[in-house]
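Asks: Okay, here's the structure, questions in a sec.
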Amino acid sequence: MCCSPALFLEYEDVLKRPHQLTASGLLISDVEAILNELAGLISPVVTHYQWRPQLRDPSDEMVLEAAANAQAQAIVTYNLKDFQPASRFGIPVLNSEQTFRQFNLAVQRSSTS
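Going by numbering that gives the first Met the number 0, the first residue of the sequence shown is number 0, and it counts up by one from there.
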């Protein structure tokens, strides 16, 4: 998994918005813990080229730029329609179910014991 610093900061901003915290039921400290864990797992992407504009929603451009600069294997989103221009870069756009099938991933469920 990869992410540019600008995109990571955007995710942080969105996740800490009051209406997002209310919807998720998380506290800011929970979000910070999740983001800290995520930061340790991702590979940072340096944006060498900006390909704008490619997408209908300017807010989505950072996602495509990070994926293109990282030569990502896929963009995972439920917004499949708006990310169709990613095919110009050879990047498939998949929802989560398609991703699990495409990459032969297994769902690991925690036990409730």
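Heads up, the beta-carbon is just placed ideally off N, CA and C, and yes, glycines get one too.
If I'm right that Thr46 touches Asn78 with Cβ under 8 Å, what's the distance once you round it to whole angstroms?
Replies: Actually they are not in contact, since the Cβ atoms of Thr46 and Asn78 sit about 21 Å apart, beyond 8 Å.
Asks: Can you list, in chain order, the residues of its chain with a C-beta nearer than 7 Å to that of Ala85? Leave out the 5 residues immediately preceding and following it.
Replies: Closer than 7 Å at the Cβ level, and outside the excluded window around Ala85, lie Leu63, Ala66, Ile74, Val92.
Asks: Can you pull the DSSP bridge partners for Val75?
Replies: Paired residues: Leu93.
Asks: Among residues of its own chain, excluding the 5 on either side of Lys15, which ones have a beta-carbon nearer than 8 Å to its beta-carbon?
Replies: Closer than 8 Å at the Cβ level, and outside the excluded window around Lys15, lie Ile27, Val30.
Asks: So is Ser23 buried or exposed if we call it buried at 16+ other beta carbons inside 10 Å?
Replies: Ser23 is exposed by the Cβ-count criterion.
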